[in-house]
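Below: one structure, written as structure tokens.
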Amino acid sequence: MADRDDNRNQRNPNQDVFKGLWEAKVVIAIAFIAVFVRLSYTNEQPATVPTAQLVTTSAVVNYPDELIGKTVTVRSRPLQRVGLSSFTVSDRRFFGGEPILVVNASGRPFDLPSDRENIIQVTGEVRNLAIPQIEQQYNLSLQDEYYRDYINKPVIIARDIRLAPNSTAITLR
136 MADRDDNRNQ RNPNQDVFKG LWEAKVVIAI AFIAVFVRLS YTNEQPATVP TAQLVTTSAV
196 VNYPDELIGK TVTVRSRPLQ RVGLSSFTVS DRRFFGGEPI LVVNASGRPF DLPSDRENII
256 QVTGEVRNLA IPQIEQQYNL SLQDEYYRDY INKPVIIARD IRLAPNSTAI TLR
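Per our numbering, the very first residue in the sequence shown carries number 136; after that it's consecutive.
Pasting the structure below:
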């Protein structure tokens, strides 16, 4: 009787290997499914957020007709505040490049950095400055006297303004 119990307790090594392989396949399959599900959620962008094209301020000044109505991202140094909710940026500070007006329509105040060497990143729609339409559409109050030099010139109506990440912060992520 003891011999029969010993025979039942002995396992076939081939069965253990196949059982282990089957369990490994199940674990790997679950891991792949989890990765694919995760990727499908991170690669989708909401339909309400337009993709922004990275451009220079010089491109906005020199080719406004190609950019009017498009959402762009500009990385540049801030120059000066204009009115309560706007400021100018330019790529060519020392070579007389024409500045671009940025109107803050993000709904959040943005203080220009005290160090003018800091680069900021602005994402918004390029439009010609028409104060009444912009005030109405974005619920802003722009003081006309500050904006006389920018009327009917291209401006960026910013929906997002932030300090631009430096290149080391990007590579570390």
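A virtual CB, placed ideally from N, CA and C, is assigned to each residue, including glycine.
{"Item": "Sequence-distant residues of the same chain with beta carbon closer than 8 Å to Leu275, five excluded per side", "Value": "Ser220, Val238, Ala240 and Ile269"}
{"Item": "Buried or exposed (CB count within 10 angstroms, at least 16 for buried), Pro213", "Value": "buried"}
{"Item": "Asp295 in three-state terms, based on DSSP", "Value": "strand"}
{"Item": "Pick from Ile165, Tyr198 and Arg216 that is closest to Arg251, judged by C-alpha positions", "Value": "Arg216"}
{"Item": "Within 8 Å, strictly: CB atoms of Pro248 and Leu298", "Value": "yes"}
{"Item": "Reference Asn253, options Gly155, Ser225 and Trp157, closest by Cα", "Value": "Ser225"}
{"Item": "Val209 vs Thr191 beta-carbon contact at 8 Å", "Value": "yes"}
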